[in-house]
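Enquirer: Numbers 177 to 449, taken from my numbering, label the letters of the sequence shown in order.
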Amino acid sequence: MDKLYLKDVEIFANHGVFQEEKNLGQKFILSLELDVDLREAAVTGDLNKSVHYGELCHNIEREFQKESYDLIETAAEKIAEYILYNYNLVNGVKILLKKPWAPIGRHLDTAAIEIYRKWHKCYIALGSNIGDREYNIKTAIERLKEFKEIKVKKISNIIETEPWGYENQDSFKNAAIEIETFLNPKELMSILLDIEKDMKRERVIRWGPRTIDLDIIFFDDYITSDDYITIPHPRMEEREFVLGPLNEIAPNFIHPLSKKRVFKMLEEIKKNK
177 MDKLYLKDVE IFANHGVFQE EKNLGQKFIL SLELDVDLRE AAVTGDLNKS
227 VHYGELCHNI EREFQKESYD LIETAAEKIA EYILYNYNLV NGVKILLKKP
277 WAPIGRHLDT AAIEIYRKWH KCYIALGSNI GDREYNIKTA IERLKEFKEI
327 KVKKISNIIE TEPWGYENQD SFKNAAIEIE TFLNPKELMS ILLDIEKDMK
377 RERVIRWGPR TIDLDIIFFD DYITSDDYIT IPHPRMEERE FVLGPLNEIA
427 PNFIHPLSKK RVFKMLEEIK KNK
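(1) Kindly list the residues whose CB is nearer than 6 Å to the CB of A287, restricted to its own chain and excluding five residues on each side of it in sequence; keep chain order.
(2) Nearest-angstrom Cα distance between L273 and I259?
(3) Could you tell me which residues DSSP puts in a beta bridge with N350?
(4) Quick check on the DSSP output: the beta strand (DSSP E) that includes D452 runs from which residue to which?
(5) Assuming P427 contacts P408 under a Cβ cut-off of 8 Å, what Cβ separation, rounded to an integer in Å, is found between them?
(6) Can you check whether the CB of V266 is closer than 9 Å to the CB of D308?
(7) Quick one: Cα of A252 to Cα of I393, how far?
(8) Can you tell me whether V269 is buried or exposed, with buried defined as 16 or more other CB within 10 angstroms of its CB?
(9) List the endpoints of the continuous beta strand (DSSP E) containing G268.
(10) Three or more C-beta pairs under 8 Å: does that hold for the stretch 296-310 against the stretch 232-242?
(11) Is the separation between the beta-carbon of I430 and that of D397 shorter than 9 Å?
(12) Taking the alpha-carbon positions, what's the K254 to S434 distance?
(13) Can you check the stretch 391-425 for any beta strand (DSSP E) of at least 3 residues that lies completely inside it and give the ranges in chain order?
(14) If we ignore side chains and look at the alpha-carbon of each, how far apart do V219 and I405 end up?
(15) From which residue to which residue does the beta strand (DSSP E) around V193 run?
(16) In chain order, what residues of the same chain lie with their CB nearer than 8 Å to the CB of E196, ignoring the 5 residues before and after it?
(17) Can you name, in chain order, every residue of its own chain whose Cβ lies under 6 Å from the Cβ of E216, other than the five neighbours on each side?
(18) Give me the Cβ distance between L180 and Y229, rounded to the nearest whole Å; I'm assuming they're in contact under 8 Å.
(19) Going by beta carbon distance, what residues of the same chain come within less than 8 Å of N333, once the five residues before and after it are set aside?
(20) Going by the DSSP bridge assignment, what does H296 pair with across the sheet?
(21) Once DSSP output is grouped into helix, strand and coil, what is the label at D246?
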């Protein structure tokens with residue numbers, strides 16, 4: 177990915193824990209590194225295919241001065257969010273925020289933090305076998321669209337499948353979606369669990385009936401496992417009800433562990449039936 181830089185932009189603002197910092201203000205030094213594809217702009221000479229860095233510089237100054245925050249961590253986070261929300265060509269942003277006049281009672285060159293935020297590509301599987309199953313799936317998708325941190329990019333068809341794992345229950349409706357988000361996996365999982373809770377999901381029997389089931393299947397090519405979330409979703413390669421809808425919207429996505437594409441995993445399940 178190409179890079180666009182703004183280095184050491186000086187901005188006077190009123191961030192800080194101490195009241196004197198909020199009242200008097202102080203100098204901050206902000207540097208940005210943007211992930212953006214500059215090829216089309218370079219070939220066509222069209223500024224609309226790039227990021228107008230002069231405009232960006234004025235906009236981030238105005239945004240940086242809009243409110244007063246106790247922590248420079250919060251100030252940097254707000255700038256990252258502003259850029260990702262308002263500049264569609266930017267896939268990721270690294271922010272280095274320096275505070276050269278930090279009131280710590282010691283001589284120092286600067287206190288600083290650095291953060292990196294980007295749009296992550298994520299695939300979510302949806303399932304329902306209680307009530308109006310198709311309505312439940314569509315409602316869950318609409319709920320996700322309400323979050324500014326989430327962009328729903330692709331939606332598969334809704335298919336009907338037989339229950340898996342626990343067979344003494346009604347058939348399911350299943351679907352898959354592709355989203356972009358700059359939330360981390362735990363933050364996204366928390367949102368999915370809240371939606372399930374709001375839609376009266378109950379966990380009584382493992383793999384049992386549910387009004388809605390929302391699972392993170394892939395999150396970029398992350399591999400992680402802890403008490404809260406496992407990515408890629410375990411045993412997804414054994415589940416046709418996951419792979420079928422996923423194959424509609426991401427047939428060539430590569431499983432980061434098995435290194436197999438989605439369409440290949442689906443072929444293997446059908447072959448081994």
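By construction, the Cβ of each residue, glycine as well, lies at the ideal position given by its N, Cα and C atoms. Small disclaimer: the values here were computed from a predicted structure and weren't measured.
Expert: If we stick to the structure as given:
(1) Taking the sequence shown and counting its residues from 1, one reaches residue 287 at position 111. These residues qualify, in order along the chain: K275, A278.
(2) Mapped onto the sequence shown, residue 273 falls at position 97. Mapped onto the sequence shown, residue 259 falls at position 83. When rounded, the distance between both Cα atoms is 15 Å.
(3) Here residue 350 refers to the residue found at position 174 of the sequence shown. G303, I335, per the DSSP bridge assignment.
(4) Summary: the structure shown does not reach residue 452, with the chain confined to residues 177 through 449, and so no result is reported for it.
(5) For the purposes of this step, residue 427 is taken as the residue at position 251 of the sequence shown. For the purposes of this step, residue 408 is taken as the residue at position 232 of the sequence shown. Not a contact, Cβ separation roughly 16 Å.
(6) Position 132 of the sequence shown, counted from the start, is the residue given in the question as residue 308. Position 90 of the sequence shown, counted from the start, is the residue given in the question as residue 266. Their beta carbons are not under 9 Å apart, which means D308 does not touch V266 by this criterion.
(7) As a first step, residue 252 is located in the sequence shown; it is residue number 76 there, counting from the start. As a first step, residue 393 is located in the sequence shown; it is residue number 217 there, counting from the start. Distance between the alpha carbons of A252 and I393 is about 30 Å.
(8) Counting from 1 along the sequence shown, the entry for residue 269 is found at position 93. With 16 or more other Cβ atoms within 10 Å, it is buried.
(9) Translated into positions along the sequence shown, residue 268 becomes position 92. For G268, the uninterrupted beta strand (DSSP E) segment begins and ends at 266-275.
(10) no
(11) For the purposes of this step, residue 430 is taken as residue 254 along the sequence shown, with counting starting at 1. For the purposes of this step, residue 397 is taken as residue 221 along the sequence shown, with counting starting at 1. For I430 and D397, yes; Cβs fall inside 9 Å.
(12) By 1-based counting over the sequence shown, the position of residue 254 is 78. By 1-based counting over the sequence shown, the position of residue 434 is 258. Those two C-alpha atoms are separated by around 37 Å.
(13) Listed in chain order, there is nothing to give.
(14) On the sequence shown, residue 219 is found 43 positions in, with the first residue counted as 1. On the sequence shown, residue 405 is found 229 positions in, with the first residue counted as 1. Between V219 and I405, the C-alpha separation is close to 43 Å.
(15) Indexing the sequence shown from 1 puts residue 193 at position 17. First-last for V193: undefined, no H or E at that position.
(16) Here residue 196 refers to the residue found at position 20 of the sequence shown. Cβ neighbours of E196 beyond the five flanking positions: P279.
(17) Against the sequence shown, residue 216 aligns to sequence position 40. K225.
(18) On the sequence shown, residue 180 is found 4 positions in, with the first residue counted as 1. On the sequence shown, residue 229 is found 53 positions in, with the first residue counted as 1. Correct: roughly 6 Å between the Cβ atoms.
(19) Taking the sequence shown and counting its residues from 1, one reaches residue 333 at position 157. Once the five neighbours on either side are set aside, the close Cβ partners of N333 are A351, P421, E424.
(20) The sequence position of residue 296 within the sequence shown is 120, counting from 1. DSSP output for H296 lists T357 as bridge partner(s).
(21) Here residue 246 is taken as the residue at index 70 of the sequence shown, counted from 1. Note: D246 maps to coil in three-state DSSP.
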